Amino acid sequence: MASRKRLSPEESRKSALQAARALLIETGPQSVTLKAVSARIGRTHANLLHHFGSASGLQKELARHLAETVCESIKDAVRASRAGLGSPREVVDLAFDAFDKEGAGALASWMILTGNEDALTPIVEAIHQLVDEIAPEEAGPHGDLTRVHEDTLALVLLAMGDALIGSALARSLKLPDTAARDRAERMLLNSIAAATQPG
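Here this note's numbering is used: the first residue of the sequence shown is 801, the next is one more, and so on.
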């Protein structure tokens, strides 16, 4: 029997988070357990317990990992948009995909339902940090951060809601599946236009 490759603590954590993310996307948040992740990466339950402390700790770290990854992508899209290489729609799509295709919406809902609400803190903090980084330029010449904060809140709530019931609700209202994304894009475009208007 071949021995397992020895990983550094950081490599072991990274491997576990990648496996947890894959499980989240493939089979949902309920499958993100220490046992399932350890089986996927060929490590012991005790090894993951050492790194994360509990399934809740693993889920909190996964939330932090997802939030940081997504926020970095959104930052890149905002920079590209400012340079004339991207668009507000790309920012919208990244936010919506994070909650839908990347599983952040399902993970957040699962954590709330299982009483692990503090695990949402990394998502909230990462979004807040992102807004603080991009807000000064987005606020326009008058520096009103309230509008940027309101837009961020609306975008995140739209993305989260769309991930959970968007398609079914849109179909029942005879709207296209992209209706929430379209609405979020219009909101950002209107906000950008308002910020660039003089006085």
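Heads up, the beta-carbon is just placed ideally off N, CA and C, and yes, glycines get one too.
Here the structure is a predicted model, which means the values were calculated and not measured.
Got a sec? Which residues, its chain only, sit under 6 Å from residue i by beta carbon, not counting five neighbours each side?
| i | result |
| --- | --- |
| R840 | A819 |
| S803 | A caution first: S803 carries a pLDDT of 46, below 50, which makes its placement in the model too unreliable to give a value. |
| M801 | No answer about M801 holds up, because its pLDDT of 41 lies below 50 and its placement is not dependable. |
| R981 | V892, F896 |
Which residues in the same chain have their Cβ closer than 8 Å to the Cβ of residue i, if we skip the five residues on either side of it in sequence?
| i | result |
| --- | --- |
| A984 | V892, A895, F896, A954, L955, L958, A959 |
Secondary structure at residue i, three-state DSSP: helix, strand or coil?
| i | result |
| --- | --- |
| A802 | Because A802 sits at a pLDDT of 42, beneath the cut-off of 50, its placement in the model cannot be relied upon, and the following sentence gives the value as read from the coordinates. Here A802 sits in coil by DSSP. |
| V931 | helix |
| R840 | helix |
| G915 | coil |
| K901 | coil |
| S887 | coil |
Hey, could you find the ends of the alpha helix (DSSP H) residue i is sitting in?
| i | result |
| --- | --- |
| G828 | Per DSSP, G828 belongs to no alpha helix (DSSP H) and is neither H nor E. |
| K875 | 855 to 882 |
| I965 | Run containing I965: none; DSSP gives neither H nor E here. |
| S991 | 979 to 996 |
| L849 | 845 to 852 |
Between the Cα of residue i and the Cα atoms of the options, which residue gives the shortest distance?
| i | options | result |
| --- | --- | --- |
| T952 | F852, S808, T827, K875 | K875 |
| Q929 | W910, T996, L913, V870 | V870 |
| G903 | G961, S808, A994 | G961 |
| L834 | L858, E826, D932 | L858 |
| S831 | E890, K901, L907 | L907 |
| A816 | S856, E826, V837, L945 | V837 |
Which residues in the same chain as residue i place their Cβ atom closer than 7 Å to its Cβ, once the five residues preceding and following it in sequence are excluded?
| i | result |
| --- | --- |
| E933 | K875 |
Three or more C-beta pairs closer than 8 Å, one from the region 846 to 855 and one from the region 810 to 829: is that the case here? Enough Cβ pairs lie closer than 8 Å, so yes.
Should the region 985 to 995 be called in touch with the region 960 to 977, which here means at least 3 C-beta pairs below 8 Å? no
Stretch-stretch touch, CB-based, cutoff 8 Å, three pairs: the region 913 to 927 with the region 972 to 982: no
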